[in-house]
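Numbering-wise (this note's numbering), the sequence shown opens with residue 1 and increments by one.
All C-beta atoms in this analysis are idealised placements derived from N, C-alpha and C, irrespective of residue type, glycine included.
These numbers were taken from a predicted model, which means no experiment stands behind them.
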Amino acid sequence: MLIKRKRGWELGENQATPEGCYLNRRELVRAMGLGAVAAALPAMAWADTKDPSAALYPAKRNDKYGIPAPMTEERRVNTYNNYYEFGTDKSIYREAQKLEVRPWTIKVGGLVEKPFEIGIDDLLAKLQLEERVYRHRCVETWSMVVPWSGFPLRSLVELCKPTASAKYVVLKTLLKPAVMPEQRDPLYPWPYTEGLAMDEAMNDLAFIATGLYGKPIAKQNGAPLRLVTPWKYGFKSVKSIVSIDFSDKRPATFWEALQSSEYGFWANVNPQVPHPRWSQATEKPLGSDDRVPTLLYNGYGEFVSGLYSDRKAEKLFM
Ligand code: MTE
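As structure tokens, then:
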């Protein structure tokens, strides 16, 4: 695809981890005398007291996959986001409040015994919620440690009853240009689409988050449900999912369709495989001034490396 304009993902080596720019903007707001309002916003702007699932949280913590530390501050996770549908910078959290997350229907189709639709609250009633603290590593080299609540992707796949010929699960974000302004830009291959091979989807670590920090997940973080695959770069973790399809063909995923030389289907974290325009050797935890070494599979190799032993010919790390 021809990229005519400079986009948020077109970072140079020095620009990866653009938190500095974001903080400068905040300083600007403060200088304009709006500091008190801006400081109050992160705690207030998306506290949705009407969310019918609020009583399900906090869920019981499952520590089987470790409890990485230190945990990232909630306000940072809620105010530093990638959600291109709402804008290409990191401060889309106000804009994202326009997303209506009730009613919310998820369509299940493709290679399944029987296609069906299910509302988010019916889905939540069927599955046991748990909390997991996972590392998250964005391809832009920032990272965070966050407590997600939700359920294993495997339980959702089992509910969908894919047929034996299904090789991939394909997840898509809501398409609603009236609410998501960037979806009016035809340069992007909307809707945001991601996919996993079936064995990845059935792996213990693959998770669907419906909550964050012991509450229903905020809109800017992907309400009401998003994928979480902590061993992969963060762009795999598709937000605000409205469809789940099973296919025997590998899907064209959002970033791969946009720029396949830089973003691939597998997207497993590997500090030794640089992005074409910057190193992936280190990362900057949100809220920290220091960079720390990035780990192979983001530190989750013991759970997932076996998935790739027969896939050595694939571009597993981009
Ligand atoms: N999902 C949708 N629909 N749109 C997006 O722009 N960005 C991805 C991923 N999921 C994105 C998305 C990227 S690049 C990252 S790093 C994570 O969401 C960021 O999640 P967070 O904002 O909750 O930290």
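Identity of the residues DSSP links to residue i by a beta bridge
| i | result |
| --- | --- |
| PHE116 | VAL108 |
| SER149 | GLU131 and GLY211 |
| MET144 | HIS136 |
| THR173 | ILE241 |
| VAL228 | PHE207 |
| SER247 | TYR168 |
| VAL292 | GLU283 |
DSSP state of residue i mapped onto helix, strand, coil
| i | result |
| --- | --- |
| TYR233 | strand |
| VAL139 | coil |
| ALA257 | helix |
| GLY195 | strand |
| ARG25 | Note that ARG25 scores a pLDDT of 39, beneath 50, so its modelled location is shaky and nothing firm can be said. |
| ASN268 | strand |
| GLU314 | coil |
| GLU283 | strand |
| SER91 | coil |
Classification of residue i by the beta-carbon crowding that lies within 10 angstroms, buried from 16 upward
| i | result |
| --- | --- |
| THR72 | buried |
| GLY214 | exposed |
| GLY211 | buried |
| ARG277 | exposed |
| GLN280 | buried |
| ASP122 | exposed |
Close-in-space but distant-in-sequence residues of the same chain around residue i (CB under 6 Å, 5 per side omitted)
| i | result |
| --- | --- |
| TRP104 | ILE120 and PRO224 |
| PHE317 | ASN268, ASN270 and VAL273 |
| LYS107 | GLU117 and SER243 |
| ALA313 | none |
Same chain, Cβ closer than 8 Å to residue i, neighbours up to 5 away in sequence not counted
| i | result |
| --- | --- |
| MET144 | THR72, ARG76, VAL77, ARG135, HIS136, PRO285 and LEU286 |
| GLY234 | ASN82, HIS136, ARG137, CYS138 and VAL139 |
Distance cut-off 7 Å: residue i Cβ against heavy atoms of the ligand FMN
| i | result |
| --- | --- |
| GLU85 | Absent from the structure shown: the ligand FMN. Ligands present: the ligand MTE. |
Beta-carbon contacts of residue i that lie in its chain and below 7 Å, excluding the five residues immediately before and after
| i | result |
| --- | --- |
| TYR297 | TRP231, ASN268, VAL269, VAL304 and SER305 |
Query raised in the report: With a cut-off of 8 Å, do at least 3 Cβ pairs link the stretch 130-150 to the stretch 95-111?
Result: With the cut-off at 8 Å, the stretch 130-150 and the stretch 95-111 do not touch.
Query raised in the report: Are there three or more Cβ pairs, one per stretch, closer than 8 Å when the stretch 232-249 is compared with the stretch 163-183?
Result: Segments in contact, yes.
**Report entry** the stretch 179-188 / the stretch 152-163 touching (three or more Cβ pairs under 8 Å)
**Finding:** Cβ pair count under 8 Å is below three, so no.
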